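Offset between the sequence shown (1-based) and full-length UniProt numbering: plus 122. Don't be surprised by glycine CBs; every beta carbon is placed ideally from N, CA and C. The model shown is predicted, which means the values in this text are computed figures rather than measured ones. For reference, the structure is listed below as C-alpha cells.
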Amino acid sequence: PVRISIKDFATELSVPSTEIIKKLMKRGTIATINQEIDYALAAELAEEYDIIVEPEEEKDVMEEVFGEVIDDEKDLEKRPPVVVVMGHVDHGKTSLLDAIRSTHVTSGEAGGITQHIGASSISLNGEKITFLDTPGHEAFTAMRMRGAQVTDIAILVVAADDGVMPQTIEAINHARAANVQIIVAMNKIDKPGANPDRVKQELSDQGLLVEDWGGDVICVPVSALKHQGIDNLLEMVLLVAEMGDLKANPRRKARGTIIEAQLDKGRGPVATVLVQSGTLQIGDPIVAGAAYGRVRAMVDSKGKSVKKAGPSMPVEILGLSEVPIGGDMFYVANSDKQARQVAERIKAQGRVQMIGQTPNKVSLDDLFTQ
Ligand code: GTP
Ligand code: MG
C-alpha cells in the first residue's frame, strides 16, 4: 500500500507502536496508532532501524476484493457467443451488422465513420449472438483492442475490391493476441472490382490460409449491401461458437466489462456493459473503477427496458456516480457500502499515482544556482 497505519508499520518493524509515535512526536507530529503515514515518511523512519522500505506493487483492488470467478461445472450454462466485427475503415463492418440486424446504423453515422463500439444482440432460430461493432479508422486502436479482448469470435471484414489493408493487419494481430478465432467475411463481392483470389493471397501472406486453399480459416463471401451470404456467415458463427462450448454461471453476482461510457446531459453517466458472468439486475450495487452506484435502469440493444441481463448480454446502464473508463471491469458488490468503499480506494490510488507523476517543481534556488 502507498499508506500504512502506524500500528501495522510497527508490527512490520517488530517494534512497539509507542516507539514510532515517540519518533513522530520528536518531529513535531502527534499521532495515534490507527493513523496512517505515507510511504516517504515510513521509509525515513525505517531507515533509523536500518531497514529499507520498498513500495509494494499496487494490487488490483477489484481483483483483491472480488477475486476470480470459480464455478462448479454443474452451475455452468450455455451462453451466447460474443462476436467482434473488425477490419479496415470503410470495408463495411457497420453495413454488415445493419444487414444482420436489418437496421440502418451506417446511414446515421457522421461522415459514415464509426467512432465507438456498438453492442447489439440478435436472435437466430432461438440462438442468441452478441455483436460488437468497432471502428476501422486508424485512430481507434484502443477500441479495437478492447473489442477483441472481450470476445469469443472475430469477424474480420475485408473488402474484396480493396484487400488486406493496415487496419486489417492490426485487427488480425489483436484477435491473435486475445486468442480469438477469426472468421473472414469477404465483403463487397457485388462490386465489379472484387477480386477474391487476390484477397485470399493477401490473407495467406498474413498467415491466414482459407479453407478452399487447404487451410483452416473460414472465409465467407458476402455483400452487406445486397444482403448476400449473410445467413451463411451467421451459420459459421454459430458453428464456431458450438465448438467453443461457451458457458457461464448465470446464478451469481454479475461481473463484466465496461464497453464504453459517456456523460448524457439528461441521464447522467451512461455505460454500455457486457455481462460476462452472473446476472445483472436493477437495484444491484455495482462498482467500476472509481465509479459506483446502484443500477437504476437497464436498456437492451434494441432500446427496450430490461430488469436483468445474463451472461454475454450487452446492456446500457444508468445509476453510476461518474463515467467509468471503457475497458475496466465492473462488479456487483455485496452492498452499497462495499461498492462505494472499493471505488474510493481506487480513486485514492489514482490520486497518489497522479501526484507521483507530476514532475518536481523547480525552485527559485535551482534557477539561481544554474
Ligand atoms: P468504419 O466503421 O468507419 O471503419 O467503416 P465500416 O467498415 O463500418 O464501413 P461502412 O459499413 O460504413 O461502409 C462503408 C461504405 O461501403 C458505405 O458507403 C457502404 O454503403 C459501402 N458498402 C458496405 N458494404 C458494401 C457491399 O457489400 N457492397 C458495396 N458495393 N458497398 C458496400
Ligand atoms: Mg462502421
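Got a sec? Which residues, its chain only, sit under 7 Å from residue i by beta carbon, not counting five neighbours each side?
i           : result
LEU355      : ALA307, VAL342, VAL344
residue 494 : Since the first residue shown for the chain is 123 and the last is 492, residue 494 is missing from the structure and cannot be characterised.
GLY448      : ARG268, ILE380, ILE381, GLU382, ALA383
GLY405      : ARG416, VAL417
ASP458      : PRO407, ARG416
ARG266      : MET208, THR256, GLU292, ALA293, HIS296
GLY432      : PRO372, VAL397, THR401
In three-state DSSP terms, what is residue i?
i      : result
TYR161 : helix
VAL464 : helix
GLN237 : coil
ASP319 : helix
SER127 : strand
GLU382 : strand
MET451 : strand
ILE155 : coil
SER139 : helix
GLU170 : coil
GLU364 : helix
LYS483 : The pLDDT assigned to LYS483 is 38, lower than 50, so where the model puts this residue is not dependable, and the model offers no usable value.
GLU199 : strand
Would residue i pass as a contact of residue j if the rule is Cβ separation under 8 Å?
i           : j      : result
ALA410      : LEU385 : no
ILE155      : ILE143 : yes
ALA461      : PRO391 : no
VAL183      : VAL445 : no
ASN456      : LEU198 : no
residue 531 : THR263 : Missing from the structure shown is residue 531; the chain here goes from 123 to 492 and no further.
VAL397      : GLY425 : no
VAL280      : ASN309 : yes
SER139      : ILE128 : yes
SER242      : SER423 : yes
ALA261      : ALA282 : no
LEU368      : LYS200 : yes
residue 519 : ASP284 : Outside the shown range of the chain (123 to 492) lies residue 519, about which nothing can therefore be said.
LEU361      : SER217 : no
PHE253      : ILE239 : no
LEU146      : ALA153 : yes
ASP312      : GLN350 : yes
Might you give, ordered along the chain, the residues of its own chain that have their beta carbon closer than 8 Å to the beta carbon of residue i, omitting 5 neighbours on each side?
i      : result
GLU141 : ALA132
ALA270 : VAL206, MET208, ALA276, ALA293, HIS296, ALA297, ALA299, ALA300, VAL302
GLU333 : VAL339, ILE340, CYS341
LYS430 : THR401, LEU402, GLN403, ILE404, MET420
ARG359 : The sequence shown places Val at residue 359, rather than the Arg named in the question. Closer than 8 Å at the Cβ level, and outside the excluded window around VAL359, lie PRO203, VAL205, ILE251, ILE275, ILE277, ILE305.
TRP335 : LYS322, SER326
THR228 : THR216, SER217, ASP220, GLY234
GLY337 : SER326, LEU330, LEU331
I want to check one thing, is the minimum distance from the CB of residue i to the heavy atoms of the ligand MG below 7 Å?
i      : result
THR263 : no
LYS310 : no
ASP220 : no
ASP284 : no
PRO202 : no
THR225 : no
ASP255 : yes
Which same chain residues end up closer than 6 Å to residue i when comparing Cβ atoms and leaving out the 5 residues on each side of it in sequence?
i      : result
LYS375 : GLY400, VAL454
GLN237 : PRO257
ARG125 : GLU158, ASP160
HIS210 : GLY258, MET287, GLN289, THR290
PHE188 : TYR453
ALA412 : ALA465, ILE468, LYS469
Taking only heavy atoms of the ligand GTP into account, decide whether any of them is closer than 7 Å to the Cβ of residue i.
i      : result
HIS296 : no
ALA168 : no
ILE235 : yes
VAL279 : yes
ASP212 : yes
PRO318 : no
THR228 : yes
LEU440 : no
GLY258 : yes
THR216 : yes
SER242 : no
LEU347 : yes
GLY209 : yes
LYS313 : yes
* **alpha helix (DSSP H) segments (min. 4 residues) lying fully within the UniProt region "G-domain" (203-351)** => 215-223, 263-271, 288-299, 318-327
* Asked: Which parts of the stretch 375-446 are runs of the beta strand (DSSP E), unbroken and 3 residues or longer, counting only runs that do not cross its ends?
  -> Entirely contained in the stretch 375-446, the beta strand (DSSP E) runs reaching 3 residues are, in chain order, 377-386, 390-399, 407-410, 413-421, 436-442.
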